[in-house]
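In order, the protein sequence lines correspond to chains D and S. Last residue of the first sequence? That's 174 in the working numbering, and every number before it is there in order. Last residue of the second sequence? That's 970 in the working numbering, and every number before it is there in order.
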Amino acid sequence: GAGVSQSPSNKVTEKGKDVELRCDPISGHTALYWYRQSLGQGLEFLIYFQGNSAPDKSGLPSDRFSAERTGGSVSTLTIQRTQQEDSAVYLCASSLQGLSTEAFFGQGTRLTVV
Amino acid sequence: KNEVEQSPQNLTAQEGEFITINCSYSVGISALHWLQQHPGGGIVSLFMLSSGKKKHGRLIATINIQEKHSSLHITASHPRDSAVYICAAYGGSQGNLIFGKGTKLSVKP
């Protein structure tokens, strides 16, 4: 596609439910990143994919968070048993070969856990 | 101390003013990104720098690797430039960016 696409754009879920957030990177971009921005906070790194593998998962805040990427393209971030502190904007970015090349961001998914 | 520091935190300017946002970092980097985030959350990449200076329209970004400092300049500022500007450093050894806390710019007509 022309840009990084994320879906849904907004998600309201009940505490304790599982949610899946999707990211469609720019075609041909091998690197994909997930970030989180909580209300009033700066951006926080979650996970990085190079192709289908995730060499850096250091930012995932708990074992309720997982992510996968298939076919070197679409990525899914899954949050199990959501908590209110998971409420945030989840941003996805992709770049051609890693962060020495320009990163392009999606519009984000605003997750609200009630 | 944060590894990436931005100043000022908030900036209010009159339309037409020349604006400078500063970014200092303490980590060794292979690239530095300047990002723009408008209300509503969408992020746009403005520049990616590893040395020297880049210009795009009214925006200029410079980096001094020895001093570990980068600046973003906006010439002839306009209310539509109002946004949060974020500096992010890429250290090269991991896949993640280290973000500054952002500078909130408000340009008044």
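Virtual Cβ for every residue (Gly too), placed ideally from N, Cα, C.
Inter-residue spacing [alpha-carbon to alpha-carbon] between residue i and residue j
i                      : j                      : result
residue 170 of chain D : residue 143 of chain D : 14 angstroms
residue 947 of chain S : residue 77 of chain D  : 33 angstroms
residue 74 of chain D  : residue 173 of chain D : 6 angstroms
residue 137 of chain D : residue 897 of chain S : 24 angstroms
residue 70 of chain D  : residue 80 of chain D  : 12 angstroms
residue 899 of chain S : residue 921 of chain S : 19 angstroms
residue 111 of chain D : residue 90 of chain D  : 5 angstroms
residue 931 of chain S : residue 92 of chain D  : 25 angstroms
residue 890 of chain S : residue 968 of chain S : 31 angstroms
residue 933 of chain S : residue 168 of chain D : 24 angstroms
residue 873 of chain S : residue 970 of chain S : 11 angstroms
Option nearest residue i by Cα separation, candidates the options
i                      : options                       : result
residue 148 of chain D : D:83, D:103, D:87 and D:129   : D:103
residue 113 of chain D : D:151, D:86 and D:133         : D:133
residue 928 of chain S : S:962, S:952 and S:888        : S:888
residue 163 of chain D : S:930, S:923, S:905 and S:961 : S:905
residue 83 of chain D  : D:107, D:158, D:161 and D:151 : D:151
residue 124 of chain D : D:117, D:140, D:118 and D:131 : D:140
residue 158 of chain D : S:874, S:893, S:883 and S:870 : S:893
residue 949 of chain S : S:943, S:940, S:938 and S:962 : S:962
residue 945 of chain S : S:914, S:913 and S:895        : S:895
residue 903 of chain S : D:64, D:145, D:116 and D:106  : D:64
residue 883 of chain S : S:951, S:875, S:917 and S:866 : S:866
residue 117 of chain D : S:872, S:937, S:864 and S:957 : S:957
Opening and closing residue of the beta strand (DSSP E) in which residue i lies
i                      : result
residue 145 of chain D : Where residue 145 of chain D is concerned, there is no enclosing beta strand (DSSP E), given that its DSSP letter is neither H nor E.
residue 81 of chain D  : 79-84
residue 913 of chain S : 913-917
residue 128 of chain D : 125-129
residue 71 of chain D  : 70-73
residue 865 of chain S : 865-868
residue 172 of chain D : 169-173
residue 888 of chain S : Note, residue 888 of chain S: premise wrong, no beta strand (DSSP E); not H, not E.
residue 116 of chain D : 113-116
residue 89 of chain D  : Neither: residue 89 of chain D is in no beta strand (DSSP E) and is coded neither H nor E.
Buried or exposed (CB count within 10 angstroms, at least 16 for buried), residue i
i                      : result
residue 129 of chain D : buried
residue 964 of chain S : buried
residue 879 of chain S : exposed
residue 99 of chain D  : exposed
residue 925 of chain S : exposed
residue 85 of chain D  : buried
residue 96 of chain D  : buried
residue 72 of chain D  : exposed
residue 166 of chain D : buried
residue 868 of chain S : exposed
residue 122 of chain D : exposed
residue 101 of chain D : exposed
residue 870 of chain S : exposed
residue 66 of chain D  : buried
residue 153 of chain D : buried
residue 127 of chain D : buried
residue 87 of chain D  : exposed
### Message
Can you pull out the residues from the region 98-130 of chain D whose beta carbon lies closer than 9 angstroms to at least one beta carbon of chain S?
### Response
101, 102, 103, 104, 105, 106, 107, 108, 109, 110, 114, 115, 116, 118 and 119
### Message
Please identify, using Cβ separations under 7 angstroms, the residues of the region 873-895 of chain S that lie next to chain D, in order along the chain.
### Response
891, 892 and 894
### Message
Please identify, using Cβ separations under 9 angstroms, the residues of the region 893-919 of chain S that lie next to chain D, in order along the chain.
### Response
894, 896, 898, 901, 902, 903, 904, 905, 906, 908, 909 and 911
#### Entry: Contacting positions in the region 156-167 of chain D - beta carbon closer than 9 angstroms to chain S
158, 159, 160, 161, 162, 163, 164, 165, 166 and 167
### Task
Could you list the residues in the region 132-152 of chain D with a C-beta less than 8 angstroms from some C-beta on chain S, going in chain order?
149 and 151
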